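Note that the protein sequences, when read in sequence, are chains L and V.
First residue of the first sequence: 1, per the UniProt record's numbering; consecutive thereafter.
First residue of the second sequence: 1, per the UniProt record's numbering; consecutive thereafter.
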Amino acid sequence: MIHSLFLINASGDIFLEKHWKSVVSRSVCDYFFEAQERASEPENVPPVIPTPHHYLISVLRHRIYFVAVIQSEVPPLFVIEFLHRVVDTFQDYFGVCTEAAIKDNVVVVYELLEEMLDNGFPLATESNILKELIKPPTILRTMVNTITGLLMLLPLRHSPLRTRNPRLLDDVSFHPCVRFKRWEAERILSFIPPDGNFRLLSYHVSSQNLVAIPVYVKHNITFREGSSQGRFDLTLGPKQTMGKVVESVLVSSQLPRGVLNANLNPSQGTYTFDPVTKLLSWDVGKINPQKLPSLKGTMSLQAGASKPDENPTFNIQFKIQQMAISGLKVNRLDMYGEKYKPFKGIKYMTKAGKFQVRT
Amino acid sequence: AENGEKIDKSEQLSFPEETRPCVIPGCFSARRHDDLKEMLDSNKDSLKLEAMKRIVAMIARGKNASDLFPAVVKNVACKNIEVKKLVYVYLVRYAEEQQDLALLSISTFQRGLKDPNQLIRASALRVLSSIRVTIIVPIMMLAIKEAASDMSPYVRKTAAHAIPKLYSLDPEQKDQLIEVIEKLLADKTTLVAGSVVMAFEEVCPERIDLIHKNYRKLCNLLIDVEEWGQVVIINMLTRYARTQFLNPNINDEDEEKDKKAEAVTMAKRKPYVMDPDHRLLLRNTKPLLQSRNAAVVMAVAQLYFHLAPKAEVGVIAKALVRLLRSHSEVQYVVLQNVATMTIKRRGMFEPYLKSFYIRSTDPTQIKILKLEVLTNLANETNISTILREFQTYIKSMDKDFVAATIQAIGRCATNIGEVRDTCLNGLVQLLSNRDELVVAESVVVIKKLLQMQPEKHSDIIKHMAKLTDNIQVPMARASILWLIGEYCEHVPKIAPDVLRKMAKSFTNEEDIVKLQIINLAAKLYLTNSKQTKLLTQYVLNLAKYDQNYDIRDRARFIRQLIVPTEKSGALSKYAKKLFLALKPAPVLESPFKDRDHFQLGSLSHLLNAKAGGYQELPDWPEAAPDPSVRNVEVKESVRAVGTVTYRDTGALWGLQGPQKMEGSEGLCSALTPTTHCHLPSSESDSASGSESGSEDSRSGSESDESKEASESEEEEEEDLKTKKNKEKPLKKPVQESERYIVLSNSSQQREGEAGFLCTNDPQFRMNSCRSAETVFYKTTQQTSDSPGLFSPQTIAPSSALKSYELLHRITGEGLSVEYCFSRQPFIPDANMVAVQVHFTNNSTSDTKSLHMDDVKLQSGMRVKEFPEIGAWDPEDTATAVMGIDFCDSTQTANFQLCTHTRKFFVSIQPPVGELMRPFFMTENEFKKEQGQLMGMNEITEKLTLDVKCRNEHAIVQKVTTAANLSRVPCGSDKECRFAGRTVTSSSLVLVTVATKDQGAAQLTVNCEKMVIGTMLVKDILLALTQ
């Protein structure tokens, strides 16, 4: 399946290669570089690139391209999903997945890649299994035979988790440890947790339960014909947050190309405007419902040029602690098979995904 | 030299302790590696480890470390596991280049293969099989064969992994490897399943026959296989199903093709009945749509797309839409597949229209794919929403995306006539856009749209003619010129002027524009030669000396055609017809049209070109191959299945092997409900294996079973002890099924009479398959006195069958006819209800050649007549069986009963309860199915039970008499549940009777056929209250 893997950094250097079958020359990456040149943005490199003898399937994470070399038919998602799993594993092991971290831990990286694929077919991709085989660098490597360590029996724990309003959930996907039958029959999540952090379930709230978005935006952005000035006025406010604070608010927007500079005045937080990329970014912080944060001022436009006809969109990130705006609640958590009395806690947090406001 | 320099620097950075080597690269590496060699030769493990780490770092960076081979290979037997692991890494990388030296290491691995520790055995095999040295092929072959029968499933998994390695090294080993694959395919552990199917796909994907016997097992294991194995298995099973089952949509597709012929073909063809194995695959893959792994979700989605009946494909939409919230690469692949799907099954994604709206931050390639999907989803009802959305997109800063949006608007306009003018107007407005690319794209699209109704839009053509002064994009200029030429009669004044301007700029134009200028000139010459003769000749003269030979050719060709000379041939007479023929408007098609001839989710589908190693998705067979090839005889204890399941062993990875896990808590938890699924399936196999229902085959399998039972008894006991909550559901149904047997005893004789104990019926297998109940049935069978007489059919008590009168003695002039619904499967056609007809000749004379005639039926209904009954004496009786397909309705079947002298008009109307047959399911399945039949499909009535039927037994009897349903095991004694499927469409019918205090009860019927549901409620209500 996966023949080889090349890691390429933002400046186009191949800084790691691994082959699971015969060695494929790194010159195969030239096709990737060609595609990269054709693409206007780094994320526009096609994930699948056919070359005369191979296919290159790549993902871009943390400004590193993970390029897998394939020789014959294989579901592209299979490779893509696997590459993302590799990145997740690196992140799990080294805290970050950067070129420096990978280079510093090159031996561990190599051992991981060796375990994750055998002859190009995934072998061990679960974090807990890998950690049994290869110790993360932070844990002191003992000279204990890692293999015998594996045979230790882990205490088996069942944790049925009851969610309060299962009708709310429109679409769910599970970690493989969840017993699907139990969920189907009783709407209880029963599972034996693997060690470490893991995502138990992802859910989508059905469209019947319209979730109120906890932030609203008032905007007034105008460009006048013939004038070299534009007006910019943006105010944020909280909505139905049940007294919880909207925090870590960050607004970013790509302003039209005609905008030369922006002279703005934030009521709180700091803003930056990059005149080259035209990227406006405003770090708002918390939203105080009594005193709504605003960003006002003028934009200077290219003299003589006609007014831009595109409207900027705003990407808004935020967090709300101790609240799930979907209304999802964990009803109870039971643990079986353990003798000690565990500490049980649940933390709710709402975090904006890809939230975009068109103007 | 520059390269060498680079190496120097990076080497220096990572190894600052080293002295700077000399400049010549070859020399430097030889000298530099000396210290590494020294370290490897030392006695200290720490030094060796340090050296190996550096070497691995070199390999990782793509540096050549092959000269260290002799020094490294010596350490292959090193005791230190850390060093050993890195030596293995090195060995696998360089063995191919240093074949002779690599052989030195082989003996170490051969020793490792015999190690008592399964992990060492596995790792030895893994490295040995990764060494690509042809000379060791026989050793590898031997090792693989041995490992394939290793007791550790992990070692067997490694053996499966080694198969494709050996195959790529030496394809001549194929036959031997297939034997190993065959052996491993029969393995019952989830750990091996994915890996061996992978090997199958790489070595012998054409050997579909190897799958037959393992098909059901693979389906049942699937949910517990690790994610990557699931993908491979699902893709393989998709192909398998395409060769073994019938197209579930065959009737629908015919409808589309030919509505008239439909009636004829329908009558000829047997109605479609889904093979239970086909259903099994669909049912067992469905839960995997909830996997967190995008590749698994995609695999199931393509399986449903290619294999499921139309009505069921919809479930995949939601899961695919979920994947759109994942990484952009995942989105990219999913959207390509959704784009293909939306062409064939638009309705499926329509509810998710908004999920395809485009964010300004999406990468362009994602935007364009979403646009494609939105365009495919556009129809009369949603087009205004979509166009409004498109309007926003046109203002985007991403110009490639804007161009794609304009194309999309064009496609919507051609596909949906209602909005054509709106779109055209919108596009015309874009002609005054400031961005030239936008204008150019609009021109191209408008040109295509105008071709549909040119006469209505001459003002737009005029408007576009003016654009030639400003617009520079060649494609757009060419489009405008073509338009003017084609419709020059609509713009008679402007056209010659445009040609004049173009003649002036001819030499500076791009080739495509030049060709269109020549075209324009030719067309004008033919329609308006007075004004344009000279201009045309001028243009043709310019073209004659053009650098491009296409243009020179075109000019020569056109001159010969349009300018009459004495030499010009017969063709010039037809010049006008040639140039100004009515041209069909272009069809704006999705580039994803017909891409589904590639298996969805595949690389080939994504590239729209066959990738190496792609296995064609076969067409459905005309007639289904023999389904019995998938039957398996039960030999060994099926309990072993599922003891090692992926999810329960978690980190353990099943490494303990069954022998270590037995009795431990691990085993008990491993016996999740999934284990129960494996049991009945094998039970059903043995049942259907006894085709004729003969005594000996029954007893044969029984002795097997009893052996198996004694084997698994111990295990079961422990199971029950340690897992108390399991005990309850296990015990209860046993009691229940005992009661069933008492009930069915009464009807035994009747069945013997009817002679319908034949088990050669697919429906039968489906019924008996995969329900826990059949297991209980089996256990009670061993204790009861009448083995062999039961078939699972009799579990449904068919106590006294009610007889209905068909022909009264008096009207029949001595011939009296009664009929009853025998509740047996009708062998010639599973979709028919069996009607047993009982004739009594009360007259004094003989009756001869009794037969049916003149059958009058409602549309869709079918009758299988009983064979003619010859002569029979006065006072004699006769019985015959006929089959009627009532189409799941209580319509009457009218026909004539004819004797040699008389004809009688008679009719049969079924009670609704006879339109179904029992269906066995577990409590969980029942609940799940019930959950899906809510709302309109659920009917609930409150009732007060008749005094006589206030106990469970009576309720069961009343309900099963009223309707041909089977009891579903139930944990609560307050509820009785019944399940069945309608005979024609196999729609589920679920009945629940919940009892409360003092005879109060609630009756719930869930059925997607609402009419059936309503009628059934009435009938059961009547039965329970009287």
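Every residue, glycine too, gets a C-beta built ideally from N, C-alpha and C.
None of the values given here were measured: they were computed from a predicted structure.
{"Item": "Starting from the C-beta of L200 (chain L), find all residues in its chain whose C-beta is less than 6 Å away, skip the five residues before and the five after it, and write them out in chain order.", "Value": "H175"}
{"Item": "Checking contacts by CB at 8 Å: is W620 (chain V) closer than that to chain L?", "Value": "no"}
{"Item": "Candidates L:R26, L:P47 and L:F191: which alpha carbon is nearest Q36 (chain L)'s?", "Value": "L:P47"}
{"Item": "Should Y154 (chain V) be flagged as near chain L, meaning a C-beta pair shorter than 8 Å?", "Value": "no"}
{"Item": "Please classify S27 (chain L) as buried or exposed, where buried requires at least 16 other C-beta atoms within 10 Å of its C-beta.", "Value": "exposed"}
{"Item": "State yes or no: is the beta carbon of N9 (chain L) nearer than 8 Å to at least one beta carbon in chain V?", "Value": "no"}
{"Item": "Tell whether a beta-carbon distance below 8 Å holds between N379 (chain V) and I416 (chain V).", "Value": "yes"}
{"Item": "Check A522 (chain V) in the structure and name its three-state DSSP category.", "Value": "helix"}
{"Item": "Looking at the C-beta of E81 (chain L), does it have a partner C-beta in chain V at a distance below 8 Å?", "Value": "yes"}
{"Item": "Assuming L113 (chain V) is part of the alpha helix (DSSP H), what are its boundary residues?", "Value": "Here L113 (chain V) belongs to no alpha helix (DSSP H), and DSSP marks it neither H nor E."}
{"Item": "Count the other CB atoms within 10 Å of the CB of residue 1027 (chain V); is the residue buried (16 or more) or exposed (fewer)?", "Value": "For chain V, the structure presents residues 1 to 1026; residue 1027 (chain V) sits outside this window and is missing."}
{"Item": "Sorted by chain position, which residues of the same chain lie with C-beta nearer than 7 Å to V313 (chain V)'s C-beta, five sequence neighbours on each side aside?", "Value": "Y304, F305, R345 and M348"}
{"Item": "To which residues of the same chain is K344 (chain L) closer than 8 Å at the C-beta, ignoring the five residues directly before and after it?", "Value": "L333 and M335"}
{"Item": "Return the CA-CA distance between L222 (chain V) and A319 (chain V), expressed in angstroms with no decimal places.", "Value": "19 Å"}
{"Item": "Would S22 (chain L) pass as an interface residue toward chain V - the criterion being a Cβ-Cβ separation below 8 Å?", "Value": "yes"}
{"Item": "Comparing alpha-carbon positions, which option in V:I939, V:E941, V:E938 and V:K958 lies nearest V947 (chain V)?", "Value": "V:K958"}
{"Item": "Given a cut-off of 8 Å, decide if G258 (chain L) and P308 (chain L) are closer than it, judged by their beta-carbon atoms.", "Value": "yes"}
{"Item": "Hey, is the region 903-915 of chain V in contact with the region 950-966 of chain V, meaning 3+ C-beta pairs nearer than 8 Å?", "Value": "yes"}
{"Item": "Taking all protein chains shown into account, decide if N247 (chain L) is buried (16 or more other Cβ within 10 angstroms of its Cβ) or exposed.", "Value": "Reading off the sequence, residue 247 (chain L) comes out as Glu, not Asn. With fewer than 16 other Cβ atoms within 10 Å, it is exposed."}
{"Item": "Please classify G935 (chain V): does DSSP put it in a helix, a strand, or coil?", "Value": "helix"}
{"Item": "Within 10 angstroms of its Cβ, does D873 (chain V) collect 16 or more other Cβ (buried), or is it exposed?", "Value": "exposed"}
{"Item": "Within a Cβ cutoff of 7 Å, which residues of the same chain sit near R179 (chain L), ignoring the five residues on either side of it in sequence?", "Value": "S190 and F191"}
{"Item": "Who are the near neighbours of G226 (chain L) in its chain, counting only those whose CB is closer than 7 Å to its CB and skipping five residues on each side?", "Value": "none"}
{"Item": "Based on the DSSP output, what are the partners of V993 (chain V) in its beta bridges?", "Value": "V:C976 and V:L1003"}
{"Item": "If you measure from the beta carbon of N315 (chain L) to each beta carbon in chain V, is any gap under 8 Å?", "Value": "yes"}
{"Item": "Need the endpoints of the beta strand (DSSP E) that K307 (chain L) sits in, please.", "Value": "No beta strand (DSSP E) holds K307 (chain L); DSSP gives it neither H nor E."}
{"Item": "For A478 (chain V), which of V:V443, V:E489, V:H490 and V:H457 has the nearest alpha-carbon?", "Value": "V:V443"}
{"Item": "DSSP three-state label for W282 (chain L), please.", "Value": "strand"}
{"Item": "Is E941 (chain V) closer than 8 Å to V1017 (chain V) when the C-beta atoms are compared?", "Value": "yes"}
{"Item": "Kindly indicate which three-state DSSP category W620 (chain V) falls into: helix, strand or coil?", "Value": "coil"}
{"Item": "Are the C-beta of I223 (chain V) and some C-beta of chain L separated by less than 8 Å?", "Value": "yes"}
{"Item": "Tell me which residues share the same chain as A212 (chain L) and place their Cβ nearer than 8 Å to its Cβ, disregarding the 5 neighbours each side in the sequence.", "Value": "K239, Q240 and I325"}
{"Item": "Looking at the secondary structure, which residues open and close the alpha helix (DSSP H) in which I139 (chain V) lies?", "Value": "V137 to A148"}
{"Item": "Measure from the C-beta of Y614 (chain V) to each C-beta in chain L and report whether the shortest distance is under 8 Å.", "Value": "yes"}
{"Item": "Have a look at D859 (chain V) and T984 (chain V) and give me their C-alpha separation to the nearest angstrom.", "Value": "A small fix is needed here, since residue 859 (chain V) is Ser in this sequence, not Asp. The straight-line gap from Cα to Cα measures roughly 14 Å."}
{"Item": "Just the chain V side, please: which residues come within less than 9 Å of L16 (chain L) by C-beta, in chain order?", "Value": "A60, R61 and G62"}
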